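Heads up: the sequence shown begins at 1014 in the working numbering, then just goes up one per residue.
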Amino acid sequence: MIRIGQIGVGSWGRNLLRNFAGLRDSRVVAACDANPEVLKGIGRDYPAIRTTTAPEEVIADPEVDAVVIATLPVTHYVLAAQALEAGKDVFVEKPMVLDVGDGERLVRLAEERERILMVGHLMEYHCALLQLKEYVDQGELGAPYYLYSQRVNLGKLRKDENALWSFAPHDVSVVLFLLGKEPIRVTAVGQSYLRKGVEDVAFAILHFEGGAMAHIHVSWLDPHKIRKLTVVGSRKMAVFDDMATGEMIRIYDKGVEQNVDSPSIGLNRPGEYATYGESLSLRWGDVLIPRVVMTEPLRAECEHFVQCVEKRIPPRSDGRDGLRVLRVLDACQRSMEQQGAPVALG
Ligand SMILES: NC(=O)c1ccc[n+]([C@@H]2O[C@H](COP(=O)([O-])OP(=O)(O)OC[C@H]3O[C@@H](n4cnc5c(N)ncnc54)[C@H](O)[C@@H]3O)[C@@H](O)[C@H]2O)c1
């Protein structure tokens, strides 16, 4: 039984607490929030959980095995570092931290202390995305040409981090997870309309070795609520729509193929064949909507953390995964600050 102490039980933290409290192998023993009003609700709903406004009490509590951090990102580094130093395993919400140097320090600290460090990259625990990853890995889509992801809605506006840092950790983690590699270069633009210096909308492009690209559009100032990812591969195309309950994945057997009787003609050299139809043919095949057996992604994520703590194995979204995402976000931020100038990643 893993005993959890949670810091931050605001709107998202409540969901984490509900899950950790409901798992067979974990028990929430302490909850902390700087806002006493928030704690009143916890006391009412979970009378057995000790509550406090002081994070250091949870971190020092000998009854706590693992600390779950769901406070605002600007506080993540200090709280996570203190918890690791106190010998606790740590789950920290996304974005792991807001600074690459802090991220590196956390990863080092976790490794030195042999502690589990997991980041809340929720999408990596989403059944539909895992299914899509299988299609990609098995070559069902062919070589991924390009991806684009949209995560937009109206609110919740943040003031410490912009829409890129608030939303795009999910999209970046998804793209890195699906492609299994990191970009070599990014470009990004964004704009702040509501609060000076805090971008409400951002468009980022991640460039990968070999030519694959991923476009990410995030905004909290948009009339639609969209959570959609399209993957265009050399054989097939796929769409993952997180809002389409029951039909989250669609695999389109669509593509453009080179005709066998003109083998020397390459897709990238259109000028070399007599007519368009001679060399290329469009394939309009069937659309497959695979059945996805859904479990709550957050429950799967919490279960995974508890299992990793029990078995002492690195989580799928461990600190190093958090750091990879952080480096991409940081590069996008630097590109935005230079009006979209390309920023290379090492
Ligand atoms: N994985 C997801 O899909 C997802 C969704 C939403 C939010 N989040 C993440 O969860 C985290 C929290 O977001 P939220 O929407 O719940 O914000 P929120 O403002 O609703 O809640 C944050 C809570 O933390 C408390 N807090 C702040 N600093 C504290 C400190 N030093 N000690 C103790 N308590 C402190 C606040 O009082 C507040 O109740 C963020 O990192 C956010 O990015 C993740």
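All C-beta atoms, glycine included, are put in the ideal place defined by N, C-alpha and C.
Values in this document were obtained by computation on a predicted structure and should not be read as measured data.
Taking the Cβ of E1106 as the reference point, at least one heavy atom of ligand 1 falls within a distance shorter than 7 angstroms.
Placement of the Cβ of S1232 at a distance of 7 angstroms or more from every heavy atom of ligand 1 is found. For G1021, the CB contacts under 7 angstroms within the same chain, skipping 5 residues up- and downstream, are D1046, I1082, A1083, T1084 in chain order. Inclusion of L1085 in the 7 angstroms shell around ligand 1 follows from its C-beta lying nearer than that to a non-hydrogen atom of the ligand.
Distances from the alpha-carbon of Y1059 to those of L1242, A1099, V1042, Y1161 put V1042 closest.
With 16 or more other Cβ atoms from the protein chains shown falling within 10 Å of its own Cβ, Y1138 counts as buried. V1211 has its CB no nearer than 7 angstroms to any heavy atom of ligand 1. At least 8 angstroms separates the beta-carbon of L1092 from that of A1123. DSSP lists L1293 as the bridge partner or partners of Q1271.
Q1320: member of the alpha helix (DSSP H) spanning 1310 to 1324, first to last residue. Of K1169, V1103, T1243, D1266, the smallest CA-CA separation from D1184 is found for T1243. With 16 or more other CB atoms across the displayed protein chains lying within 10 angstroms of its CB, S1330 is buried. Where G1332 is concerned, there is no enclosing beta strand (DSSP E), although the alpha helix (DSSP H) around it starts and stops at 1332 to 1350.
Taken in chain order, the complete beta strand (DSSP E) segments of 3 or more residues contained in the stretch 1111 to 1189 are 1130 to 1133, 1157 to 1167.
For C1045, the Cβ falls inside the 7 angstroms cut-off from some heavy atom of ligand 1. In the three-state scheme derived from DSSP, where H, G and I count as helix and E and B as strand, T1200 is classed as strand. Within the stretch 1189 to 1247, no complete alpha helix (DSSP H) segment of 4 residues or longer occurs.
Taking all protein chains in view, the Cβ of P1086 is crowded by 16 or more other Cβ atoms within 10 Å, so the residue is classified as buried. Burial check for N1272: the Cβ neighbour count within 10 Å stays below 16, so the residue is exposed. Rounded to whole angstroms, the Cβ separation of I1229 and S1179 is 13 angstroms, and the two are not in contact under 8 angstroms. Annotation for V1022 indicates a beta carbon within 7 angstroms of some heavy atom of ligand 1. Per DSSP, Q1095 has no beta bridge partner at all. About 6 angstroms separates the Cβ atoms of K1249 and E1153, confirming a contact at the 8 angstroms cut-off. For the pair I1197 and R1171, the Cα-to-Cα distance works out to about 29 angstroms. If you check the CB distance, V1132 and N1175 do not come in under 8 angstroms. By alpha-carbon distance to V1319, the top candidate from G1035, G1023, R1027, W1025 is G1035. Per DSSP, the beta bridge partners of F1253 are L1242, I1262.
Set against 7 angstroms, the gap from the CB of G1133 to the closest heavy atom of ligand 1 is smaller.
Spatial neighbours of L1358 in its own chain (CB-CB distance under 8 angstroms, excluding positions within 5 residues in sequence) are listed in chain order as E1195, P1196, I1197, R1198, V1199, R1340, V1341, A1344. The secondary-structure analysis by DSSP pairs V1300 across a beta bridge with Y1265. Excluding five sequence positions before and after C1321, the CB atoms of its chain that fall closer than 6 angstroms to its own CB belong to I1129, P1328, given in chain order. Using a cutoff of 7 angstroms, the CB of P1049 does not count as near ligand 1, since none of the ligand's heavy atoms is closer than that.
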